[in-house]
Amino acid sequence: MPALDTNSILAGNRRALAKAITLTESSLPAHREEAQTLLEALLPHTGKSIRIGISGVPGVGKSTFIESFGQLLLSAGHRLAVLAVDPSSPVAGGSIMGDKTRMEQLSLEENVFIRPTPSGGTLGGVAQKTRETMLLCEAAGYDVIIVETVGVGQSEFQVAGMVDFFMLLMLPGGGDELQGIKKGIVEIADALVINKSDGEGAGIAAATESQYQSAFGLLRSEAHWTPVVTRCSALEKTGLDEVWSIIKSYVTSTTESGFFAHQRATQNRQWMHQLVQSMLLRRLKESAAVTAELPKLESEVEAQRITPYTAARRVIDLLNSA
Ligand code: GDP
Numbered sequence: 016m017p018a019l020d021t022n023s024i025l026a027g028n029r030r031a032l033a034k035a036i037t038l039t040e041s042s043l044p045a046h047r048e049e050a051q052t053l054l055e056a057l058l059p060h061t062g063k064s065i066r067i068g069i070s071g072v073p074g075v076g077k078s079t080f081i082e083s084f085g086q087l088l089l090s091a092g093h094r095l096a097v098l099a100v101d102p103s104s105p106v107a108g109g110s111i112m113g114d115k116t117r118m119e120q121l122s123l124e125e126n127v128f129i130r131p132t133p134s135g136g137t138l139g140g141v142a143q144k145t146r147e148t149m150l151l152c153e154a155a156g157y158d159v160i161i162v163e164t165v166g167v168g169q170s171e172f173q174v175a176g177m178v179d180f181f182m183l184l185m186l187p188g189g190g191d192e193l194q195g196i197k198k199g200i201v202e203i204a205d206a207l208v209i210n211k212s213d214g215e216g217a218g219i220a221a222a223t224e225s226q227y228q229s230a231f232g233l234l235r236s237e238a239h240w241t242p243v244v245t246r247c248s249a250l251e252k253t254g255l256d257e258v259w260s261i262i263k264s265y266v267t268s269t270t271e272s273g274f275f276a277h278q279r280a281t282q283n284r285q286w287m288h289q290l291v292q293s294m295l296l297r298r299l300k301e302s303a304a305v306t307a308e309l310p311k312l313e314s315e316v317e318a319q320r321i322t323p324y325t326a327a328r329r330v331i332d333l334l335n336s337a
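Counting from 16, one number per residue, gives the positions in the sequence shown under the numbering used here.
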C-alpha cells in the first residue's frame, strides 16, 4: 500500500480516509507501523467532534434512529460519521446488526461517512480499530461521530469508554431486564431514549418514561451530569430535536465544568493501559521460550508440585530473558 497523504485526509477526501482506515484495520505489522505514523501526524487535527455512543437490543430501532437523527444533524450543517461495533460479526461470522444495507438514505449523503464493524479479532481488537477510525474521521472533518453497538454483550461498555455521550435506546414497556438489557448498562447511560413512541406505543412509552425518570434519580446523580430520560419516534421523526438538545446541553455543561476534557483524558489513559495489556499478552503468546515451557509448568501446577505463583513467576522470567 503506498504511503498515505495526510493532506488529502485533512481535505476530507473520502477515498484517502477509507484507505487510511483499511490500513489501521490491517494486522500486518508493516501496516500497523504505517498507520501509527499517520495517526501521530493527524493527532493535532483530531478531537474536534462530539462522540456519541448508541446502544440497544436488536430491533429497538438503532438504524432507523440514526437514519432520522442523521438527517437532522445534516440539516443543522454537521458532517456525520457512523461507526459500528458489532460483537457478533467477528466471532460468529453472522451479524446481529444485519448484512442488509442499513441507513440507506443516509449512506447516499455527501456529508456522511458510514463504516461497518472492522472484521476479525477480539472485541478489544475491534474496539481499538474503531477508536483509531474515529480519530481518522475527525481529522477528515466529521464533527459528529456516532458509534453504534448492540446491547447484548460487553461491547456497550467498550463503546461507552470511547465516547463523550452514551445513550441507550429502549422499547416502550417492561423493565430493563424484561427488555433483555444487560445489568449495569442503564447505570452507565447519559440518556435513556424510549423509541417507538408512536401509534399504540405512545401511551406505553410515556408510562415507561416516567417509570425510568423516578428510578433514574435514585440510580445515579453525579456532579457532572444527571442522566436524562426522554422518548421519541425514529419512524415518525418526533422527539429527535429534544435528543439533540440534550446532547448539546451535555457538551456545554461538561465543557464548562472541565469534565468533558477530563473524561477524554481518562479514556486515553485507559486505552493506553488496555494496549499495554494486549501487547504483553501477544508477546506472551509469541514467545517460543514460554510456549515450550508452558505445558510442563501447567502439569506441575495441576499435580501440585509447584504453586501457581511460582509457575507464573517462571513464565514472566522466561518472557524477560527472551
Ligand atoms: P435495530 O436492529 O436496532 O437497528 O432496529 P431497526 O432500525 O432495524 O428497526 C427494527 C424495526 O422497528 C423496523 O421494522 C423499524 O421500522 C421499526 N422501528 C424503528 N423505529 C421505530 C419507531 O420509532 N416506531 C415504530 N413504530 N417502529 C420503529
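C-beta: ideal position from N, C-alpha, C; glycine also.
Item: What distance in whole Å lies between the Cβ atoms of D205 and M182, which are believed to be in contact at a cut-off of 8 angstroms?; Value: 6 angstroms
Item: Rounded to a whole number of angstroms, what is the C-alpha to C-alpha distance between I67 and N126?; Value: 17 angstroms
Item: Going by alpha carbons, who is nearest to I81 out of A318, A26, I160?; Value: I160
Item: Look at the alpha carbon of T61 and the alpha carbon of V330, and state the distance between them as a whole number of angstroms.; Value: 40 angstroms
Item: How many Å lie between S90 and D256 at the Cα?; Value: 12 angstroms
Item: Name the two residues that bound the continuous beta strand (DSSP E) containing R68.; Value: Note that residue 68 is Gly in the sequence shown here, rather than Arg. First-last of the beta strand (DSSP E) with G68: 65-71.
Item: Could you pull out every residue in the same chain whose Cβ sits closer than 7 angstroms to the Cβ of Q173, ignoring the five residues on either side in sequence?; Value: V100, L138, A142
Item: With distances taken between CB atoms, is the gap from G85 to K211 smaller than 8 angstroms?; Value: no
Item: With 16 as the cutoff for other CB atoms within 10 Å, does I321 come out buried or exposed?; Value: exposed
Item: Taking A238 as the reference, give the member of R298, T269, S264 with the closest Cα.; Value: T269
Item: Quick one: is T52 buried, meaning 16 or more other Cβ sit within 10 Å of its Cβ, or exposed?; Value: exposed
Item: Per DSSP, what are the beta-bridge partners of R130 in this structure?; Value: L98
Item: By Cβ distance, which residues of its chain are closer than 6 angstroms to S248, with the 5 residues on each side in sequence left out?; Value: S212, D213
Item: Does the ligand GDP have a heavy atom nearer than 7 angstroms to the CB of P73?; Value: yes
Item: Give the straight-line distance between the Cα atoms of A31 and R94, rounded to the nearest whole angstrom.; Value: 17 angstroms
Item: Between the C-alpha atoms of S23 and A337, what's the straight-line distance to the nearest angstrom?; Value: 42 angstroms
Item: Using only the alpha-carbon positions, how far apart do L342 and V305 sit?; Value: This structure gives no information on residue 342, because the portion of the chain shown stretches from 16 to 337.
Item: Helix, strand or coil, according to DSSP, for S336 in the structure here?; Value: helix
Item: Near Q319, what residues of its chain come up, given a Cβ to Cβ distance below 6 angstroms and the 5 sequence neighbours on each side ignored?; Value: none
Item: In chain order, what residues of the same chain lie with their CB nearer than 7 angstroms to the CB of Y227, ignoring the 5 residues before and after it?; Value: L207, V244
Item: Have a look at A107 and T132 and give me their C-alpha separation to the nearest angstrom.; Value: Confidence is the limiting factor: at A107 the pLDDT is only 44, short of 50, which leaves the residue's position unreliable, though a coordinate-based value still follows. Each residue's Cα considered, the two are about 13 angstroms apart.
Item: Who are the near neighbours of A220 in its chain, counting only those whose CB is closer than 7 angstroms to its CB and skipping five residues on each side?; Value: P187, I209, K211, S212, R246
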